[in-house]
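Working notes for the structure below.
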Amino acid sequence: MLAALISILTTTGIVLSLLTETVRFFDEVPVGDYLFGTDWAPLFNPASFGVLPLVLGTMVISLIGMLVAIPLGLAAAIYLAEYARPAVRKTIKPILELLAGVPTIVFGYFALTFFTPEILRAIFGEGNVGVFNALSAGIIIGFLIVPTIASISEDSMSAVPQSLREGSFGLGASKLQTTMRVVFPAALSGIVASVVLGFSRAVGETMVVVIAAGLQPQWGLDIFQSMETMTTFIAATAKGDVSTGSIAYKTLFAVGTTLFVITLIMNMISIRFVRKYRQVYE
């Protein structure tokens with residue numbers, strides 16, 4: 035009870051600290067200009083507070099990451115849960131989970147110093163790919179969240195009763211048919227939860243996008259050029275150069291609240307989906 039109470043109080047404190055300055059921000063900036071504006075320049079004169087370029091950058095980079103992470107993560111989960119021998123599983127799974135413990139700043143510099151110049155520019159041409167670009171950041175974020183999707187999905191598939199597999203085999207189904215048509219649907223709630231958790235992880239990622247994606251907000255879909263995300267703006271601006279109480283200071287909290295709301299919505303969708311499709315076995 036004490037541990038649960040500490041979690042609730044911590045979350046409540048975070049929400050209150052965000053909302054206090056966010057309300058003050060909207061006393062000076064119209065809500066409509068913030069939510070629907072397409073020009074983001076809060077530190078310039080005249081200032082502009084349209085947050086859509088940051089939201090777009092966040093979503094684009096996160097979706098690129100998910101396009102990488104979902105197939106790799108689910109393929110790894112299927113292999114570990116259904117095909118790998120126990121000795122192989124005990125070896126590969128800890129190594130895969132160890133990837134989640136690598137500091138994200140390492141992934142960021144890997145994207146900047148190797149992935150972009152050595153791989154992306156070799157494929158698409160040096161003149162077509164910027165030093166800072168959304169594609170590199172998104173792909174590396176995908177590698178970053180593969181362990182999350184793979185580990186949770188593998189646990190969900192391993193929890194499916196063996197009797198379902200044996201029944202499928204008894205009806206003449208192959209190993210692949212049993213995996214895709216029996217085990218996978220039975221573990222769907224856990225798999226979807228892992229995907230949503232991975233997406234939330236991608237949306238909230240900071241160091242990779244700060245280093246690899248750049249600080250140039252873009253109202254467009256040029257993934258070969260710089261895109262600024264909400265976390266990038268917060269990290270780059272909250273360095274002590276902004277005076278407390280200024281409009282730029284309040285902007286940090288407004289963007290943080292926006293990010294918090296997006297993550298909350300994703301978690302609510304995940305909880306609703308899991309409850310709807312959860313299967314309980316006796």
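Take the numbering used here: the last position of the sequence shown gets the number 316, and nothing is skipped along the way. All residues carry an ideal CB built from backbone N, CA and C; glycine is no exception.
- In this structure P181 touches A134 by the C-beta definition: roughly 4 Å separates them, less than 8 Å.
- Residue state for A184 is assigned as helix, using DSSP reduced to three classes.
- For F83, the three-state secondary structure derived from DSSP is strand.
- For A272, the secondary structure class from DSSP, reduced to helix, strand or coil, is coil.
- With a contact defined as Cβ atoms closer than 8 Å, F307 and V226 qualify at about 5 Å.
- A193 sits in coil when the DSSP states are folded into three classes, being neither helix nor strand.
- DSSP places A75 in the strand class (E or B) of the three-state scheme.
- In the structure shown, P128 falls within a helical segment according to DSSP collapsed to helix, strand and coil.
- Three or more pairs of CB atoms, one per stretch, sit closer than 8 Å, so the stretch 172-180 contacts the stretch 134-154.
- Rounded to whole angstroms, the separation of the alpha carbons of G142 and F59 is 32 Å.
- With fewer than 16 other Cβ atoms from the protein chains shown falling within 10 Å of its own Cβ, N162 counts as exposed.
- In the structure shown, the three-state DSSP call for V140 is helix.
- G238 places its beta carbon less than 9 Å from that of T265.
- With fewer than three CB-CB distances shorter than 8 Å, the stretch 151-165 does not count as touching the stretch 189-197.
- Shown here, I40 sits in a helix according to DSSP, grouped into three states.
- With a cutoff of 9 Å on beta-carbon distance, A145 and A236 are scored as not near each other.
- Scanning the stretch 227-276 for uninterrupted alpha helix (DSSP H) segments of 4 residues or longer gives 241-246 and 264-271, listed from N- to C-terminal end.
- Fully contained in the stretch 80-121 are the following alpha helix (DSSP H) runs of length 4 or more, in chain order: 86-112.
- Taking 8 Å as the upper bound for CB-CB distance, M191 and E116 are in contact here, some 7 Å apart.
- Counting C-beta atoms within 10 angstroms of its own C-beta, L286 has 16 or more neighbours from the protein chains shown and is therefore classed as buried.
- The Cβ-Cβ distance between V289 and Y283 does not fall below 9 Å.
- In the three-state DSSP reduction, P151 falls in the helix class (H, G or I).
- According to the DSSP assignment, T212 belongs to the alpha helix (DSSP H) that extends over K209 to T212.
- Contact annotation, S228 with I183: C-beta distance approximately 5 Å; criterion of less than 8 Å satisfied.
- Judged by beta-carbon spacing, L53 lies within the 9 Å limit of T291, meaning their Cβ atoms are closer than that value.
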